[in-house]
Amino acid sequence: MSHTEHGAIERPEIRHTTLWHQSVTIFRRNLIHIKRMPEMLLDVTIQPVMFVLLFAFVFGGAISVGAPAGYREWLLGGIMGQTIAFASFIVAVGLTADIDKGIVDRFRSLPINPAAILVGRSMSSITHSFIGIIVMSLTGLVVGWRIRGSVLEALAAYGLLLLWGFAMIWVGILVGSAMRSVEAVNGVMFTTMFPLTFLSNAFAPSEKMGTVLRAIAEWNPISALVQAVRELWGNTGPAPADSHLPMQHPVLFTILWTVGITAVVAPLALRTFRNRTLQ
Amino acid sequence: MFLIGIVTEGTVNGVGREHAIEAEGLVKEFGETLAVDDVSFAVPRGTVLGLLGPNGAGKTTTVRMMTTLTKPTRGTARVAGHDVLADPAAVRRSMGLTGQSATVDELLTGRENIWLIGSLYGLDKATVDRVGGELLERFSLTGAADRVVKTYSGGMRRRLDLAVSLVATPPVLFLDEPTTGLDPRSRVELWDVLRDLVEDGTTLLLTTQYLEEADQLADDIVVIDRGKVIAQGTPLELKDASGKAALVVTVSRAEDLGAAVERVRSAGLEAHVEEAARRITAPADGLSDVTRIASIFDGSGIEIDDLGLQRPSLDDVFLNLTGHRAEEVDGDAMDGDAHDGQEVPA
């Protein structure tokens, strides 16, 4: 650090950048995090694979479903639904860590749109979740899951998962901005997301549940998503006539739920983020 | 309590009388707590302002308001002529901030940290590579540039933090306790870098609880305690206002002490004697007293170890102003919370 050796200090011009450029920069930074800590991906790789294997081989024999290739094929849509629902978890953990470590403050002292912090975080979290979706698809193919519908329908199912992931981002921003530590995020998300994903048709058919439980499960937004991807992949027939409305029109309800969740949670999430970072 | 107006003579790039930073009646309340209470000051372009105060005095909160990270409850501030409330985006384009806790990304390498901030400043990759390489060199980080920051020492992190803030060399830099936790050598090195920046026209505002640091670097000092400005002026003005300078004579042989005291008194000065240290101190007006005493001793046969003028240290100034020493307030209890803006008067 000999200050005598250098000449005049260069002053490169600070230039205006677009929200897109800023978001992509932060996205790339977040991807470097995943590269440096591949264990961050355990939640969308090893964990769901274990779920598939445990449920398929432990409960598989005991649960009978109407799928062409049995429980294992039927299960996969459920695990996919759970994996993408946990995108909210991933957003929340990443955001809380950045706020907690002062990284968000540093970004906010720069001439960038603060929204870039959220957009970049969302982009990397969706990527993170979709790595999980790809791993799940491959695992599914190994244990006997097949896509039996048309290519278009199959893609529509993946599209619905992506759409659901976007709605989950807002939940993640809300929780991530409200919680003071990564540990708190873990606590809140585990105690809400696990019951929420299990109180659905993800792992066991809702038709066989008691009246009250069945109503809760079938109106659970996750169930509509899971039913929709199962139908689009040809892993299950249409829901029985006595099931609740969302099961009869799963694709429509998946879209309604995502729009509804976004409309309610997004303003709340943005306000919480602003209050948290501009106190 | 006294206030000394800051003489405004910014002359960088021929622009006279221009302030790079102005705080106007900044107030910040956190609930019932008044963290910053009516703080005003101005920093001429190309100069260094030291914001001096103990932990919890409101330094960090003041910096957060001036860097758009926290909205003032009342009052406002201008950075490079832009109002933090009316045009925060323009403020962010004109300044860089190095926070109290080193906010570099632990999972990125040093080089990647520089790339990240450079890219957000809108610099192209070639510029970031070139400027970043120079900065890493200047901060002795070249060897560690491609290592993940997690493996860095505290001093390395701070140096990288500063390097990152400098990648676009903004005209105004806010440094919140830049040398806290650094070893003495790194601290002096950092001071050298900061002097270079100022020489090159950068305006610096640095908060510190080290009086020596303010004395070394700052053109003007604002002393805050419990959220209030309790004094401001140049280091010299603050010292002068805190008491007269002292003439200090140390004789070589203890047996000469009596004769030396007589000579000092005969010159009309009021001498205080510390026998064990063979030292005589006397309030003096300045260098004229020193030369007068020096000529008296010259050829007197009394051997002198040391003769000089001692001004009160900023430590004395601080003690005088606040009734407590700068570095003994509440330990480091507030350090960890500072980036949450939870700074509370001690």
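Residue numbers (numbering that gives the first Met the number 0), protein chains in the order written: chain A, 0 to 278; chain B, 0 to 345.
Glycine included, every Cβ here is placed at the ideal spot set by N, Cα and C.
- In the three-state DSSP reduction, H243 (chain A) falls in the coil class, being neither helix nor strand.
- I295 (chain B) is outside the set of residues whose beta carbon lies under 8 Å from a beta carbon in chain A.
- At a cut-off of 8 Å between beta-carbon atoms, H15 (chain A) makes contact with chain B.
- Residue environment: M188 (chain A) is assigned as buried (16 or more neighbouring CB atoms within 10 Å of its CB, all protein chains considered).
- Residue pairing for R278 (chain B): DSSP places it in a beta bridge opposite B:T249 and B:E273.
- At a cut-off of 8 Å between beta-carbon atoms, I116 (chain B) makes contact with chain A.
- Contact annotation: in the stretch 63 to 89 of chain B, residues whose CB is within less than 9 Å of a CB in chain A are R63, T66, T67, L68, T69, K70, A88 and A89.
- The Cβ neighbour count for W19 (chain A), taken over all protein chains shown within 10 Å, is under 16; the residue is labelled exposed.
- Burial is judged here by how many other beta carbons sit within 10 angstroms of a residue's own beta carbon; T69 (chain B) has at least 16 and is buried.
- Not a single CB atom of chain A sits nearer than 8 Å to the CB of S312 (chain B).
- Bridge partners of A283 (chain B) according to DSSP: B:A244.
- Chain-ordered, the chain B residues with CB closer than 8 Å to the CB of I102 (chain A) read T102 and D104.
- Counting along the chain, the unbroken beta strand (DSSP E) around E21 (chain B) starts and ends at H18 to F29.
- Annotation for A238 (chain A): Q226, M246 and Q247 place their beta carbon closer than 7 Å to its own, counting only its chain and skipping 5 residues before and after.
- In the three-state reduction of the DSSP assignment, V103 (chain B) falls in the coil class.
- Residue-level contact check: I172 (chain A) does not touch chain B, since none of the beta carbons of chain B fall below 8 Å from its beta carbon.
- When DSSP states are grouped into helix, strand and coil, L181 (chain B) belongs to the coil group.
- Taking 7 Å as the cut-off between beta carbons, the residues of the stretch 22 to 42 of chain A near chain B are T24, R28, I31, H32, R35 and M36, in sequence order.
- Around the beta-carbon of F58 (chain A), fewer than 16 other beta-carbon atoms lie within 10 Å, marking it exposed.
- In this structure, D145 (chain B) lies away from T179 (chain B), with their beta-carbon atoms at least 8 Å apart.
- Under DSSP, K227 (chain B) forms a beta bridge with B:D224.
- Spanning the alpha carbons of L173 (chain A) and L159 (chain A) requires a straight line of approximately 22 Å.
- Apart from sequence neighbours up to five positions away, the residues of its chain that approach T66 (chain B) with a beta-carbon distance below 7 Å are M94, L96 and F173, ordered along the chain.
- Looking at the backbone, the Cα of M39 (chain A) and that of V150 (chain A) are separated by about 32 Å.
- Within its own chain, the residues whose Cβ lies closer than 7 Å to the Cβ of A177 (chain A), once the five positions on either side in sequence are excluded, are T271, listed in chain order.
- Here the stretch 74 to 90 of chain B does not lie against the stretch 110 to 123 of chain B, with fewer than 3 beta-carbon pairs under 8 Å apart.
- At a cut-off of 8 Å between C-beta atoms, R278 (chain B) does not count as an interface residue with respect to chain A.
- For R107 (chain A), the chain B residues whose Cβ falls inside 7 Å of its Cβ are L68, in order along the chain.
- Rounded to the nearest angstrom, the gap between the Cα atoms of L50 (chain B) and V222 (chain B) is 6 Å.
- Annotated three-state conformation of Q81 (chain A) is helix, per DSSP.
- Against chain B, the beta carbon of L277 (chain A) has neighbours under 8 Å at L68, T69 and K70, listed in chain order.
- Put simply, the backbone Cα of L117 (chain A) is about 39 Å away from that of G236 (chain A).
- If you check the CB distance, A270 (chain B) and R264 (chain B) come in under 8 Å.
- Contact of V35 (chain B) with chain A is not assigned, every C-beta pair being separated by 8 Å or more.
- The beta carbon of P169 (chain B) falls within 8 Å of a beta carbon belonging to chain A, placing the residue at that interface.
- Exclusion of the five residues before and after F138 (chain B) leaves R158 and A162 as the residues of its chain whose Cβ lies within less than 6 Å of its Cβ.
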